[in-house]
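In numbering that gives the first Met the number 0, the protein residues as written are 0 to 454. Beta carbons: idealized from backbone N, C-alpha and C, even for Gly.
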Amino acid sequence: MNFADFVRMMGAFASTRYRLRFDARASFERWQTRRIDAFLRTQLKRASFYRDYPSRELAALPVVDKAFTLQRFAAFNTHGIALETALAAARASEQAGLLPPQFDPNLTAGLSSGTSGRPGVFLASASERATWAGIMLARTLDRDLLTLLATRAKPLRVAFFLRANSSLYTTLHSRRIDFRFFDLQAGAHTHIDTLTGFAPEVLVAPASVLGWLAAETLSGHLRIAPRKVISVAEVLEPDDETLIRDAWRKPAHQLYQCTEGFLGYTCSQGTLHLNEEFVHVEPEWLDDARTRFVPVITDFTRRTQLIVRYRLDDILRVRATPCPCGRVTLALAAIDGRLDDVLWLPSRLGGRLLPLFPDSVRRAIAACGASIDDYSLVQHGRALSLGVQGSDTAFASIRHALDNLVASQGMCSLPWQRAALDTRAPTAKRRRIVCATKPLADGESFSPIADIHET
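Structure follows, in structure tokens:
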């Protein structure tokens, strides 16, 4: 990192940590509106997709999604880089290979894990990487870690488990932060000795990996005592959360980070907040009570790859009470999963299908009392397929708990099928609850995403 980018990183850190504070939601929204207007006025025309749009009003612009933007990738980035070039650059970065000759070496290209099919691709400049690093440090370093970083001669040790490394993440490495990447492609179990020797003070990993590392700690196979534990990339399941608390006597904080941006973080009170100082979020509500929504996001800090009115397929659940930390940004109760994690069952009153949201399913299974090591629940049209790893009674216990849940929500149960529990690849995100195909009233079925995205 050169001096200019270091200054940019520290400026982003200071601004995020100390300046962006608002006493009321109304004053924050006025400030955010000014930032969005300036972004649209100065940056929108730099991407060819938006040059023919006469309006620079956010609400007048189209809502797009992953499939649409990948098909027109060059039109959504301000360098006109083709998707094939960005993919080649991202893979070269992961494998320490040569960048394609037409790719600007000052840019970073990276990939998502592609759990919903085609992987997502992101582009970022050096200045954007520096800004991201400053914001990330401001959001993740609590007061104790910041004091440690400022007063101790030794660098802060951060262990980061993910499918692939990227220069975006290694931007965090410096004289004061020893950032160590642990490649899940090799299998988490292969890193036990190295992780023990590294003795991380901050441990960052997908939720299922954190749960496994916590279990290894409880069994005595792993001896680490992180000061902070951060869950990324997956829904934090109740069983993993319990293991983490039991192993290291501290909660798992969460970062809501994806190809499309840094979207949320856990505050000092343990509440997940949307990162609205940098990303505008329009909710597409999934229920009349407005408790769950799909986010349509606009990142008004990005200059290389524009993310404007971009619909994600995550389900976010709103916190019912204000967060005691005092932040005016939207507080979440949880990230419940993806749209295709919602199960659909017939109403007992007939005539329509009703959504069974994954957080209700997880809570019912966690409360059923059975000894369950892992499970997988998949809807195939008019049948539910359940695979269970655990005690002999686990399958029956889960089935009974979910039948009771379904009945309590006014739905009819579907036939159950017992399935083998598939082995996940070490780099794959865990998705325990999936609607593979959604039933229609006449028994036909179709992809659930296509249905929910109709507006």
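Inter-residue Cα distance where the pair is residue i and residue j
i, j, result
"ARG16", "GLU276", "11 Å"
"LEU39", "GLY263", "22 Å"
"ARG122", "ILE397", "In the sequence as displayed, the identity of residue 122 is Leu instead of Arg. LEU122 and ILE397: Cα-Cα distance of roughly 43 Å."
"LEU315", "LEU86", "29 Å"
"PRO354", "ASP192", "45 Å"
"THR114", "PRO438", "With a pLDDT of only 47 at THR114, under the threshold of 50, the placement of this residue in the model should not be trusted, and no figure is reported."
"THR130", "MET8", "5 Å"
"VAL234", "ARG337", "9 Å"
"LEU254", "SER54", "34 Å"
"ALA37", "LEU43", "10 Å"
"SER47", "LEU82", "15 Å"
"SER384", "VAL377", "5 Å"
"LEU285", "ASP312", "12 Å"
"HIS477", "ALA206", "The structure shown has nothing for residue 477, since the chain only spans 0 to 454."
"PHE21", "PHE27", "6 Å"
"LEU352", "LEU97", "51 Å"
"ILE306", "GLN31", "16 Å"
"GLU476", "ARG24", "Summary: the structure shown does not reach residue 476, with the chain confined to residues 0 through 454, and so no result is reported for it."
"TYR52", "THR41", "14 Å"
"LEU455", "LEU136", "Absent from the model: residue 455. The displayed extent of the chain is 0 to 454, so no value can be given."
"PRO118", "GLY109", "10 Å"
"ALA13", "ASP391", "55 Å"
"HIS220", "PRO100", "46 Å"
"VAL485", "ASP421", "Any answer about residue 485 is impossible in this case: the structure gives the chain only from 0 up to 454."
"ALA58", "PHE2", "39 Å"
Three-state secondary structure (DSSP) of residue i
i, result
"GLU283", "strand"
"PHE178", "strand"
"ASN403", "helix"
"GLN101", "coil"
"GLY389", "strand"
"LEU155", "strand"
"TYR186", "In the sequence under discussion, the amino acid at residue 186 is Gly, which differs from the Tyr named in the question. Coil, per DSSP."
"VAL341", "coil"
"THR300", "coil"
"LEU110", "strand"
"THR265", "strand"
"PRO354", "strand"
"ILE334", "strand"
"PHE21", "coil"
"GLY196", "helix"
"PRO414", "coil"
Test item: CB-CB of residue i and residue j under 8 Å
i, j, result
"GLN256", "VAL278", "no"
"CYS266", "ARG326", "yes"
"PHE197", "PHE180", "no"
"ALA330", "GLY133", "no"
"TRP343", "CYS411", "no"
"ALA125", "PHE102", "no"
"ILE456", "ASP298", "Outside the displayed range of the chain (0 to 454) lies residue 456, so it cannot be described from this structure."
"ALA333", "ASP358", "yes"
"ARG174", "PRO154", "yes"
"ARG128", "THR107", "yes"
"HIS272", "THR189", "no"
"ILE223", "LEU183", "no"
"ARG361", "GLU236", "yes"
"GLY409", "ARG347", "yes"
"ALA365", "ASP238", "yes"
Beta-carbon proximity list for residue i, same chain, < 6 Å, skipping 5 on both sides
i, result
"ALA419", "GLY386"
"GLU64", "The residue asked about is misnamed: residue 64 is Asp in this sequence, not Glu. Contacts found: ARG310."
"LEU202", "ALA158, PRO225 and VAL228"
"GLU56", "none"
"ARG142", "none"
"PHE72", "LEU82"
"THR68", "PHE75"
"VAL280", "LEU273, PRO294 and ILE296"
"TYR49", "LEU43"
"PRO323", "GLN268"
Own chain, CB closer than 7 Å to residue i, minus 5 neighbours either side, in chain order
i, result
"GLN304", "PHE75, ASN76, PHE121 and LEU122"
"ALA449", "Note that ALA449 has pLDDT 38, beneath the 50 cutoff, so the model's placement of it is unreliable and the number below is only indicative. Nothing listed; no residue qualifies."
"LEU382", "Here residue 382 turns out to be Ala, not Leu, going by the sequence shown. Counting only Cβ-Cβ distances below 7 Å, and skipping sequence neighbours, we find LEU413, PRO414 and GLN416."
"ALA363", "ALA400, LEU401 and LEU404"
"PRO282", "PHE292 and PRO294"
"PHE394", "LEU385, VAL387 and ARG417"
"PRO345", "LEU352, MET410 and CYS411"
Whole-number beta carbon distance between residue j and residue i, since they are thought to touch under 8 Å
i, j, result
"ARG289", "LEU60", "Rounded, the Cβ-Cβ distance is 24 Å, inconsistent with contact."
"ALA187", "TRP211", "6 Å"
"LEU140", "LEU148", "7 Å"
"THR258", "SER111", "4 Å"
"ARG156", "ASP177", "5 Å"
Own chain residues within Cβ distance below 8 Å of residue i, not counting five before or after
i, result
"PRO250", "VAL228, GLU240, ILE243, ARG244 and GLY269"
"GLY389", "ALA369, SER370, ILE371, ASP372, ASP373 and TYR374"
"HIS78", "ASP103, LEU106, LEU122 and THR303"
Interface flag, residue i vs chain B, CB-CB below 8 Å
i, result
"ARG361", "Here chain B cannot be found, since the structure has a single protein chain."
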